[in-house]
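Presented below is the structure to which this report refers.
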Amino acid sequence: MKKIRVETEINAPLEKIWAGYNTPQDIEKWNSASPDWHTVKASSDFTVGGKFCSRMEAKDGSMGFDFAGVFTKIIPQQLVEYDFGERHAKVEFLQKPHSVIVSVEFDPEDEFPIEQQRMGWHAILNNFKAYIEQ
Numbered sequence: 001m002k003k004i005r006v007e008t009e010i011n012a013p014l015e016k017i018w019a020g021y022n023t024p025q026d027i028e029k030w031n032s033a034s035p036d037w038h039t040v041k042a043s044s045d046f047t048v049g050g051k052f053c054s055r056m057e058a059k060d061g062s063m064g065f066d067f068a069g070v071f072t073k074i075i076p077q078q079l080v081e082y083d084f085g086e087r088h089a090k091v092e093f094l095q096k097p098h099s100v101i102v103s104v105e106f107d108p109e110d111e112f113p114i115e116q117q118r119m120g121w122h123a124i125l126n127n128f129k130a131y132i133e134q
């Protein structure tokens, strides 16, 4: 199955972007695809083989799920790869002269249309950009 890729350009120092993407307290502030959802708790053993989990819930309490997995590769300030369920994702951080390109490539799932998945993951990435640039 073809991978989905989303990216954004963030106007902030790489160190701030890297920390904001990988620190549970920060993840809780930006990790949602729409205003009616939020991450109520995040945890991370940020090492290869370490586990992570973000508890995502609808703000009205109607539903929620754990986005959880295991880190498979980490190159500081460059790359994070992880497995979640039977799927894989790769997050790359590319330093430009005055910004950083953050791209996420992931295996789609079968339940929702490809474009809906792309839009959801891109919305989360845009929330991350807004959080870091504020």
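In our numbering, the protein residues as written are 1 to 134. The beta-carbon is built from N, C-alpha and C at its ideal position, and this holds for glycine as well.
Backbone secondary structure at residue i - three-state DSSP
i       : result
Asp-110 : coil
Gln-117 : helix
Phe-136 : No information on residue 136 is available, as it lies outside the stretch 1 to 134 that the chain covers here.
For residue i: DSSP bridge partner residues
i      : result
Asp-83 : Val-70, His-88
Arg-55 : Lys-41, Asp-66
Ile-75 : Leu-79
Leu-94 : Ile-101
Thr-8  : Val-102
Span separating the alpha-carbon of residue i from that of residue j
i       : j       : result
Val-91  : Asp-60  : 30 angstroms
Tyr-82  : Val-70  : 5 angstroms
Phe-67  : Cys-53  : 6 angstroms
Ile-124 : Phe-65  : 16 angstroms
Glu-109 : Ile-75  : 26 angstroms
Gly-50  : Pro-24  : 14 angstroms
Val-6   : Ile-114 : 12 angstroms
Met-56  : Lys-96  : 32 angstroms
Pro-35  : Arg-118 : 17 angstroms
Thr-26  : Glu-86  : For the record, residue 26 in the displayed sequence is Asp; it is not Thr. Their Cα atoms are separated by approximately 26 angstroms.
Thr-72  : Ser-62  : 33 angstroms
Asn-127 : Val-48  : 26 angstroms
Val-40  : Tyr-21  : 16 angstroms
Lys-129 : Asp-45  : 23 angstroms
Glu-28  : Phe-84  : 18 angstroms
Contact check, residue i vs residue j, beta carbons under 7 angstroms
i       : j       : result
Ser-99  : Glu-15  : no
Asp-107 : His-122 : no
Phe-93  : Gln-78  : yes
Ala-42  : Gly-120 : no
Ala-19  : Ile-132 : no
Ala-58  : Trp-30  : no
Expected contact under 8 angstroms - CB spacing of residue i and residue j to nearest Å
i       : j       : result
Lys-3   : Glu-105 : 5 angstroms
Val-102 : Ile-17  : 7 angstroms
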